[in-house]
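In what follows, a structure is listed as structure tokens, so that the remarks can point back to it.
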Amino acid sequence: MLHDRVLVSLEGEQGERRSGGGIVIPATASVGKRLSWGGVVALGPAVRNLETGDRVLFDPEERAEVEIGAKDYVLLRERDIHAVAAERVDEGSTGLYL
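Numbers given in the numbering used here equal positions in the sequence shown, counted from 1, plus 131.
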């Protein structure tokens, strides 16, 4: 990885989703801009606020996809990440920061 790039493994399916009540929402349903969660797999040397294994929230429309070893990953710049969920955050906080 070079510069401020972050390699992210996608979580979940990009297809159908279920609402909290169990209703199936098809992939073709029109919804507003929806962000996605993924796990950090690799980092460039200029990345300052992330570590491997963190969960990150990002816009799936601002990404580059890459296939490595028959698995799909997303390549992002650090500035394109909206939030981070990490185990290393102090106790008593939410675990998310912007």
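Think of the CB as a built atom: it goes at the ideal place given N, C-alpha and C, for glycine as much as any other residue.
Quick caveat: nothing in here was measured; it's all calculated off a predicted structure.
Residue interval of the beta strand (DSSP E) (run including residue i)
i	result
VAL178	Careful: VAL178 lies outside any beta strand (DSSP E) and carries neither H nor E.
Those residues which DSSP pairs with residue i across a bridge
i	result
LEU141	GLY169
LEU188	TRP168, ALA214
LEU174	VAL137
Contacts around residue i, its chain only, beta-carbon distance under 7 Å, and the 5 residues preceding and following it disregarded
i	result
ASP203	LEU141, GLU196
LEU174	MET132, VAL137, LEU181, THR183
Contacts around residue i, its chain only, beta-carbon distance under 8 Å, and the 5 residues preceding and following it disregarded
i	result
ARG236	Here the chain comprises residues numbered 132 to 229, so residue 236 is not present and cannot be evaluated.
ASP211	PHE189, ASP190, GLU193, ARG194
GLY170	VAL139, SER140, GLU142, GLY184, ASP185, ARG186, VAL187
LEU166	LEU188, PHE189, ASP190, PRO191, HIS213
Sequence-distant residues of its chain with Cβ nearer than 6 Å to residue i (five each side left out)
i	result
GLY200	none
query = Which runs of the beta strand (DSSP E) spanning at least 3 residues fall entirely within the region 190-219, listed in chain order?
reply = 195-199, 202-208, 212-216
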